[in-house]
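K.L.:
Counting in this note's numbering, the final residue of the sequence shown is number 433, and the numbers go up one at a time with none missing. Think of the CB as a built atom: it goes at the ideal place given N, C-alpha and C, for glycine as much as any other residue.
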Amino acid sequence: MTSSSFRLIVRTGPAPGTVFDLTKDVTMIGRDVTNEVVLGDAEVSRQHARLTRTPGGFVLEDLGSTNGTFVNGERLVAPRVLNPGDLVAFGENVTLTFDAVAPEAASTVASAAAKAEPAPPPAKAADAPAPKVSPAPQAAPAAAATPAVEKRRRSPWLLAGIGCFVLVLACGGFLWFMDAFYPEILYAPLRIFGFY
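1) Keeping to the same chain, check which residues put their C-beta closer than 8 Å to that of residue 278; ignore five residues upstream and five downstream.
2) Output the boundary residues of the beta strand (DSSP E) element that contains residue 298.
3) Who pairs with residue 259 in a beta bridge, going by DSSP?
4) Output the boundary residues of the beta strand (DSSP E) element that contains residue 283.
5) How far does the alpha helix (DSSP H) with residue 189 in it reach, from first residue to last?
6) Roughly how far, in whole angstroms, is the beta-carbon of residue 289 from the beta-carbon of residue 323, given that I think they are within contact range, below 8 Å?
7) Look at the Cβ atom of residue 337, then the Cβ atom of residue 243, and state whether they are nearer than 8 Å.
8) Should residue 392 go down as buried or exposed, given a rule of 16 or more other Cβ atoms within 10 Å for buried?
9) Determine the DSSP secondary structure at residue 273, reduced to helix, strand or coil.
10) Quick check on DSSP: helix, strand or coil for residue 326?
11) By Cβ distance below 8 Å, which residues in the same chain neighbour residue 320 in space, the five residues on each side in sequence not counted?
12) Are residue 274 and residue 297 touching if we call contact CB-CB under 8 Å?
13) My understanding is that residue 265 touches residue 287, with C-beta atoms under 8 Å, so please give their C-beta distance in whole angstroms.
14) Would DSSP call residue 353 helix, strand or coil?
15) Answer yes or no: do residue 415 and residue 427 have a C-beta to C-beta separation smaller than 8 Å?
16) Residue 310: which of 419, 333, 301 and 254 sits nearest, CA to CA?
17) Using C-beta distances below 7 Å, list every residue in its chain close to residue 312, excluding the 5 sequence neighbours before and after it, in chain order.
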């Protein structure tokens with residue numbers, strides 16, 4: 238594991254695609270700007286988690302955060318060693334991928350590509366149209382996840398609005414009932430102060 242360098246890549250949440258290289262032995266993660274990995278989301282605690290480099294790999298530990306730390310969908314209840322490719326979530330909105338970068342492998346691929354000679358272009362038939370190649374959509378997964386997050390954020394406001402509407406209806410019904418059947422009790426405070 239010592240020959241590789243490691244990093245965290247933001248998948249969802251503030252600034253998707255941001256890469257945090259893990260160069261220190263202890264990396265603090267949270268919303269506070271004094272942390273090495275700063276995640277500006279309301280569901281992330283000021284000091285949410287700690288990532289520690291050990292001989293066995295990087296160990297992730299939740300620091301008593303309010304909304305929890307999750308690894309591959311499982312809530313973190315004890316320190317856990319991360320494996321490359323693990324999906325780490327802080328609360329519901331922020332997910333990062335723990336990734337390994339092997340410097341030797343990257344340089345080997347680069348040097349092999351530099352030495353290879355380009356192949357000659359194949360002969361084309363005169364009547365054959367050139368095939369159209371469309372790039373694979375790379376932003377589709379992030380775009381698909383966005384409506385679910387927006388729905389989740391809107392639903393508390395919708396529930397609050399419905400709750401207020403029900404409360405107004407209940408108060409109106411109570412006042413109508415009191416006016417229809419017990420007007421002497423309803424208007425007694427107005428009589429005491431001379432308004433009725």
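P.N.:
Concretely, from the data shown:
1) These residues qualify, in order along the chain: 250, 251, 268, 327, 328, 330 and 331.
2) Residue 298: member of the beta strand (DSSP E) spanning 294-299, first to last residue.
3) Residue 259 is bridged to 243.
4) Per DSSP, residue 283 lies in no beta strand (DSSP E) and is assigned neither H nor E.
5) Because the chain is modelled from 238 through 433, residue 189 falls outside the range shown and cannot be assessed.
6) Here residue 289 is actually not in contact with residue 323; their C-beta atoms are around 15 Å apart, not less than 8 Å.
7) Yes, they are a contact pair.
8) Around the Cβ of residue 392, a 10 Å sphere holds fewer than 16 other Cβ atoms; the residue is exposed.
9) Coil.
10) Strand.
11) Closer than 8 Å at the Cβ level, and outside the excluded window around residue 320, lie 294 and 335.
12) For the 8 Å CB-CB criterion, residue 274 and residue 297 do not form a contact.
13) With 8 Å as the limit, residue 265 and residue 287 qualify as a contact, their Cβ atoms being about 6 Å apart.
14) The predicted position of residue 353 is uncertain, since its pLDDT is 42 and thus under 50; a value taken from the coordinates is nonetheless stated next. Of the three classes helix, strand and coil, the one that applies to residue 353 here is coil, per DSSP.
15) In this structure, residue 427 does not lie closer than 8 Å to residue 415 by Cβ.
16) Of the candidates 419, 333, 301 and 254, 333 places its Cα closest to the Cα of residue 310.
17) For residue 312, where only same-chain residues beyond five positions count, the Cβ hits under 7 Å are 305.
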